[in-house]
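Participant: Heads up: the sequence shown runs through residues 14 to 140, numbered per our numbering.
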Amino acid sequence: MDIITVTNNKRIEDGLNTIRVYGSYRDVLVRVRDLIYLGHELISYPLNSSIKMFFSPVKSILITPKKDKISENSVVIIENSILKYDFTLGQRTPDFKHMGDYELLDYELFKSSLEEVSRFNSIGKGE
Numbered sequence: 014m015d016i017i018t019v020t021n022n023k024r025i026e027d028g029l030n031t032i033r034v035y036g037s038y039r040d041v042l043v044r045v046r047d048l049i050y051l052g053h054e055l056i057s058y059p060l061n062s063s064i065k066m067f068f069s070p071v072k073s074i075l076i077t078p079k080k081d082k083i084s085e086n087s088v089v090i091i092e093n094s095i096l097k098y099d100f101t102l103g104q105r106t107p108d109f110k111h112m113g114d115y116e117l118l119d120y121e122l123f124k125s126s127l128e129e130v131s132r133f134n135s136i137g138k139g140e
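Right under this line is the structure:
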């Protein structure tokens with residue numbers, strides 16, 4: 014399965030399947046939302062599981078190539094994710110002081126997501 018990465022993390026290399034966002038975590042969420050409305054589907058969950066990670070200025074999200082039909086499930090998830098992000102962050106600002114640490118954490122989560130997708134695809138092919 015082809016995978017597209019939407020990211021603002023400098024640690025993730027640009028490639029054919031990388032969409033670079035020059036902006037914030039929220040900007041990545043909005044870009045993913047726009048792509049979902051064009052027919053892409055979420056592969057990785059757009060929010061982090063830790064409240065502290067909401068202060069991260071970086072995020073990487075995996076999506077599918079464009080499909081013929083809009084995924085209603087992906088629409089609901091990304092729209093709710095943007096609302097939850099805005100509510101949780103509130104008037105606070107991202108933590109740029111620890112940018113390098115957040116980039117590393119996001120990169121490790123990104124690699125883990127890729128491994129899980131690969132494992133899932135192997136199971137689906139009977140390997």
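Even glycine gets a Cβ: it sits at the ideal position worked out from N, Cα and C. Values in this document were obtained by computation on a predicted structure and should not be read as measured data.
At the level of alpha carbons, what is the spacing between residue 78 and residue 18?
Facilitator: Taking the sequence shown and counting its residues from 1, the one referred to as residue 78 is at position 65. Taking the sequence shown and counting its residues from 1, the one referred to as residue 18 is at position 5. Each residue's alpha carbon lies about 10 angstroms from the other.
Participant: Where DSSP assigns a beta bridge to residue 73, which residues make up the other side?
Facilitator: Within the sequence shown, numbered from 1, the residue matching residue 73 stands at position 60. 20.
Participant: Can you tell me whether DSSP reads residue 29 as helix, strand or coil?
Facilitator: As a position in the sequence shown, residue 29 is number 16, starting the count at 1. Three-state DSSP puts residue 29 in coil, outside helix and strand.
Participant: So, at 6 angstroms on beta carbons, what are the nonlocal neighbours of residue 31 in its own chain, with the 5 sequence-adjacent residues on each side left out?
Facilitator: On the sequence shown, position 18 is the one that residue 31 refers to. So the list reads 18, once near-sequence residues are dropped.
Participant: If you draw a straight line from the C-alpha of residue 114 to the C-alpha of residue 108, how long is it?
Facilitator: On the sequence shown, position 101 is the one that residue 114 refers to. On the sequence shown, position 95 is the one that residue 108 refers to. Looking at the two C-alpha atoms, the distance is approximately 10 angstroms.
Participant: Where do the ends of the alpha helix (DSSP H) carrying residue 101 lie?
Facilitator: Here residue 101 refers to the residue found at position 88 of the sequence shown. Residues 85–102.
Participant: Could you name the residues of the same chain whose beta carbon sits closer than 8 angstroms to that of residue 127, not counting the 5 residues immediately before and after it, in chain order?
Facilitator: Looking up residue 127 in the sequence shown gives position 114. Hits under 8 angstroms: 16 and 75.
Participant: Rounded to a whole number of angstroms, what is the C-alpha to C-alpha distance between residue 119 and residue 21?
Facilitator: Reading the sequence shown from its first residue, position 106 is the one you call residue 119. Reading the sequence shown from its first residue, position 8 is the one you call residue 21. So the alpha carbons of these two residues sit roughly 10 angstroms apart.
Participant: Taking the alpha-carbon of residue 93 as reference, which of 60, 105, 106 and 72 has the nearest alpha-carbon?
Facilitator: Stepping through the sequence shown from its first residue, residue 93 is reached at position 80. Comparing Cα-Cα distances from residue 93 to each of 60, 105, 106 and 72, the minimum goes to 60.
Participant: The alpha helix (DSSP H) with residue 58 in it runs from where to where?
Facilitator: Here residue 58 is taken as the residue at index 45 of the sequence shown, counted from 1. Unbroken run through residue 58: none, as it is neither H nor E.
Participant: By the DSSP assignment, the alpha helix (DSSP H) with residue 34 in it spans what residues?
Facilitator: Taking the first residue of the sequence shown as position 1, residue 34 is located at position 21. Per DSSP, residue 34 belongs to no alpha helix (DSSP H) and is neither H nor E.
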